[in-house]
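Mapping of the sequence shown onto full-length UniProt numbering: residues 1 to 174, in sequence order. From the three backbone atoms N, C-alpha and C, an ideal C-beta is built for every residue, glycine too. Bear in mind that the values here come from a model prediction, so they are computed numbers and not experimental data.
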Amino acid sequence: MVDPVVRRQLMLCWRDVSNAGGAVGFPFPPVSEEQVLVSLDAMIESLDEPANRLLLATINGELAGWLFQVGNANELTAHWARVLRVQTALSFRKRGVGRALMAEVERAATEDLTLEQLHLELRSGMGLEGFYESCGWQEIGRWPKALRFPDGDQDEVLMALPLRQTSETAVSAR
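Here you go:
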């Protein structure tokens, strides 16, 4: 599903964002290409699950950003999915890539998958709550001091995005 060129672009983006301090799964930079590839390959392998999706943003053929959506196979939780690893390539920052990714994951979750909500977790202290709130997400709680770092504990912020159901989506979901 992911060709070698895209795999390399994903790895480089993930490594660079992590090493620039991004909270995208590797809390203790620097990370090597090898470290990222282990996680990347596991993520790519999980794309066999029908509700898991990798959303890519490209500009002129270059990877500008990406995110990973993880669905739930269990019927009790199949109406929502998690959004993970939201990141914009360093050379494409401040161009609306993150906002475009968030709009597309919302559209795809609503129209393609007929989900009712999306969830994400983020590290407090990174200044990201305002970005997600501006995209329609709501903080629904925190796990206090859930993340332990050498310079102090940080909260994990829990956010949700209720999805608007169109009449077409509501009919197909029945």
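Query                                                                                                                                                   : Result
Considering only C-alpha positions, which residue in the set W80, L113, L84 and G22 is nearest to M102?                                                 : L84
Report back the beta-carbon spacing between A81 and A51 to the nearest angstrom; my notes put them in contact at under 8 Å.                             : 6 Å
Just checking: is the beta-carbon of W66 within a distance shorter than 8 Å of some beta-carbon in chain D?                                             : Looking at the structure shown, chain D is missing, and only one protein chain is on hand.
Give me the Cβ distance between C13 and Q87, rounded to the nearest whole Å; I'm assuming they're in contact under 8 Å.                                 : 6 Å
Can you give me the C-alpha to C-alpha distance between T110 and L76, rounded to a whole angstrom?                                                      : 18 Å
Can you tell me whether G141 is helix, strand or coil according to DSSP?                                                                                : strand
Can you give me the C-alpha to C-alpha distance between G96 and A57, rounded to a whole angstrom?                                                       : 10 Å
Less than 8 Å between the C-beta atoms of E129 and R142, yes or no?                                                                                     : no
R148 bridges to which residues according to DSSP?                                                                                                       : D153
Can you tell me whether DSSP reads F26 as helix, strand or coil?                                                                                        : coil
So F68 is in the beta strand (DSSP E); what residue range does that whole segment cover?                                                                : E62 to V70
Which whole-angstrom value describes the C-beta separation of L161 and D153, a residue pair presumed to lie in contact below a C-beta threshold of 8 Å? : With a Cβ gap of about 27 Å, L161 and D153 do not count as contacting.
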